[in-house]
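There are 2 protein chains.
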Amino acid sequence: MERTLDRRSQILEVAARLFAERGFHGVSVGDIGRAVGISGPALYKHFDSKDDVLAEMLVAISERLLTEGQERVAQAHSPDAALAALVDWHVEFALAQPSLIVVQDRDWQSLAVEARERVRSLQREYVDLWADQLRRRDPDLTTDRAQAMAHAAFGLINSTPHSSRLPQSAMRELLAGMALGSLGLKSLS
Amino acid sequence: MERTLDRRSQILEVAARLFAERGFHGVSVGDIGRAVGISGPALYKHFDSKDDVLAEMLVAISERLLTEGQERVAQAHSPDAALAALVDWHVEFALAQPSLIVVQDRDWQSLAVEARERVRSLQREYVDLWADQLRRRDPDLTTDRAQAMAHAAFGLINSTPHSSRLPQSAMRELLAGMALGSLGLKSLS
DNA sequence: GCCTGCGGTTAACGAACGTTAACCTCTGTC
DNA sequence: GACAGAGGTTAACGTTCGTTAACCGCAGGC
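Shown next, in the form of C-alpha cells:
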C-alpha cells in the first residue's frame, strides 16, 4: 500500500513532483491539493503557507545531502576513497529523488530570506565537503577552483533527470564513472 | 554606448536575465518593462505575448547551439577533435550567456506546445551531434548511453552559472578539461 | 454522552497577473 | 502642412492566485 503516509509527507512528496515539472510559481495550491485528493485550502491544515512547503522540502534535502555526505567521508581512509564515496552517494540520491534534485537547483530562489540563507549555508558546507577532499588530494588546488570543480561534478550528476532512458543501474555506473573521470580519478573498469 | 540596441533585442536580453533569476512565472511583464525603462503593456508593441518572448529566446538559443556545433564538427578531422571542438563551443557559449543556459533548461516546459516541440527537436538534434561523435570514437557504445553521456557533459558545463568565482579564462580551461575527462578523452595539460 | 480538536469542506477576499482598449506624441513622407 | 504609423502612456478587463473565514463530521478522552 504505502500510500498511507501521513498527509504532510504525502503533500511534500507530491509537491516535489509538481514543482519539478512546472516550477514553484507554475503550481498552485489547488494543484497540490488535487494531486493528493484534498482540495485547495485544506493544505493550510498542514502548512502555514505555500512557501513553507518549498522551504521544508529544500531544507530537508540540503540537510540530508550534507549529513550523509559527512558520514561517508568520515568512514573513508583516503581522499580518493572519500571522493568515490561522495560520488556514489550523490549519484544514488540523484537517481532516487530526481524531483528533489530538480527543485533544489531551480527553485531555491523562491524561498523567503530566512529559509534561503539556511539552504545556501547547508549547500556551501556540502560543496566544501567535496572541495576539502579535492584539496587534500591535490594541495596545489585553490579553494575557488576546488569549489568550482565540485559544482561541475554536481551539474554532471544532477543531469540525470534530463536523460532517463537508461536502466537505473547502468545510469548509476555511467554517472559515477564520468564524475570520477571529470575529477581526474581513474575509473575502476 | 551599445544600449541603443533596438527595443526588441533589449527586451530579449533583459528578460533572459530576469527569467534566469526568478523563473518565467516569477517575472511579470511589468517587471520586464520596468527593467528596460518602459512600462508594462508597451511590451505588446514588440511581442504578441509574454510566452512569445520566451519562445523566441529559446528557439534562438537552440538554433545557435546546433548550427555552430554542426559547423565545428564539420571542420574537425577526427571524432576526438570533433568532441574537443564541441566541448570548447559549449563552454564558450555557457560562459558568454549564462542566463540563456539557465532559462533553457529551467523554463522550456513553460513554452506553448508548438514552440516546445520545435525547441525539443533542436535539442535532440544537438544531443545526437555529440552522441554520434562519441559512437564513432567507441562503436560499442549504445545510442542511449551515448546520449546520456552527452546530457551529463551538458550538465557539467552548464553548471557555470552556479559558481562564478573563477576568472573566465580559468573557468573555461577548468570546465573544458573536466568535460573531456568525463568523456574519457585525455586532457591536454 | 458530551466536548474538543483534527482534518476536511465551500465561499469569499484582495492582490497580482496577462492582456486589451483608448489615447497621445512624435517622426518621417508625400 | 496634413497624415500615417511606430512606440509610448494610463485605465480597465477578467482570471487566477494565495490566503482567510465560517462551518461541519467524526474520533477519542473524560
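Sequences listed follow chains A and B, in order.
Residue numbering for the first sequence follows the working numbering, starting at 1 and increasing by one per position.
Residue numbering for the second sequence follows the working numbering, starting at 190 and increasing by one per position.
Beta carbons are placed, not taken as given, at the ideal position from N, Cα and C, and that holds for glycine.
Original post:
Shorter than 9 Å from the beta carbon of B/I221 to some beta carbon of chain A?
Top reply: B/I221 does not count as touching chain A.
Subject >> Touch test, the segment 226-234 of chain B against the segment 285-301 of chain B, Cβ-Cβ under 8 Å, three pairs minimum >> reply: These segments do not touch.
**OP:** Flag A/R22 as yes if its beta-carbon sits less than 9 Å from any beta-carbon of chain B, otherwise no.
**Re:** Chain B contact via Cβ: present.
**OP:** Can you tell me which of B/F213, B/Q264, B/A224, B/R261 puts its alpha carbon nearest to the alpha carbon of B/V242?
**Re:** Minimum Cα-Cα distance from B/V242 among the listed residues B/F213, B/Q264, B/A224, B/R261 corresponds to B/F213.
**OP:** Out of B/L300, B/D277, B/P328, point me to the one whose CA is closest to B/L363's CA.
**Re:** Of all alpha-carbon atoms in B/L300, B/D277, B/P328, the one lying nearest the alpha-carbon of B/L363 is that of B/D277.
**OP:** Give the interface partners of B/L364 over in chain A, defined as CB-CB distance under 9 Å, in chain order.
**Re:** Residues of chain A passing the Cβ test: A148, A152.
Subject >> Assigned exposure category for A/R72 - 16 Cβ within 10 Å defines buried >> reply: Buried is the call here.
Subject >> Residues near A/L111 in its chain [Cβ-Cβ closer than 8 Å; skip 5 each side] >> reply: Spatial neighbours of A/L111 in its own chain (CB-CB distance under 8 Å, excluding positions within 5 residues in sequence) are listed in chain order as D51, L54, A55, L58, V119.
**OP:** Mind listing the chain A neighbours of B/R295? Cutoff is C-beta to C-beta under 8 Å, in chain order.
**Re:** Residues of chain A passing the Cβ test: G23, R106.
Original post:
Does the beta-carbon of A/A74 have 16 or more other beta-carbons within 10 angstroms, so that it is buried, or is it exposed?
Top reply: Exposed: under 16 other Cβ atoms inside 10 Å.
Original post:
Do the segment 327-336 of chain B and the segment 132-151 of chain A touch if we need at least three Cβ pairs shorter than 8 Å?
Top reply: Touching, no, given that fewer than three Cβ pairs across the two stretches are closer than 8 Å.
**OP:** Rounded to whole angstroms, what's the CA-CA distance from B/S378 to B/G366? Just pull it up for me.
**Re:** Low local confidence applies: a pLDDT of 48 at B/S378 is under 50, so the model's placement there is unreliable, with the coordinate-based value given in what follows. Linking B/S378 to B/G366 through their CA atoms gives a straight-line distance of about 9 Å.
Original post:
Going straight from the alpha carbon of B/A285 to that of A/R8, what length do you get?
Top reply: Roughly 43 Å between the two C-alpha positions.
**OP:** Return the residues of the segment 296-315 of chain B that lie within a Cβ-Cβ distance of less than 8 Å from chain A, sorted by chain order.
**Re:** Flagged, chain order: D296, Q298, S299.
**OP:** Could you check if A/Q168 is buried or exposed, using at least 16 other CB atoms within 10 Å of its CB as the buried criterion?
**Re:** The residue in question, A/Q168, is exposed, as its Cβ has fewer than 16 Cβ neighbours within 10 Å.
**OP:** With distances taken Cα to Cα, identify the nearest neighbour of B/L318 among B/E303, B/Q298, B/A337, B/S353.
**Re:** By alpha-carbon distance to B/L318, the top candidate from B/E303, B/Q298, B/A337, B/S353 is B/A337.
Original post:
Is A/D48 buried or exposed, if buried means 16 or more other CB atoms sit within 10 Å of its CB?
Top reply: Counting Cβ neighbours within 10 Å, A/D48 comes out exposed, since fewer than 16 surround it.
**OP:** Please specify which runs of the alpha helix (DSSP H), each continuous and at least 4 residues long, are wholly inside the segment 301-329 of chain B, giving them in chain order.
**Re:** As summarised for the segment 301-329 of chain B, the continuous alpha helix (DSSP H) elements at least 4 residues long and confined to that stretch are 302-326, given in chain order.
Original post:
What do you get for A/G69, buried or exposed, if any count of 16 or more other CB atoms within 10 angstroms of its CB means buried?
Top reply: Flag for A/G69 reads buried.
Original post:
How about A/A179: is its C-beta nearer than 9 Å to some C-beta of chain B?
Top reply: Yes, its Cβ sits closer than 9 Å to a Cβ of chain B.
Subject >> Exposed unless 16 or more other CB atoms sit within 10 angstroms - verdict on A/H151 >> reply: Here A/H151 is buried: its Cβ has 16 or more other Cβ atoms, across all protein chains shown, within 10 Å.
Original post:
Would you say A/R165 reaches chain B, if we count a Cβ-Cβ gap shorter than 9 Å as a contact?
Top reply: Yes, contact with chain B.
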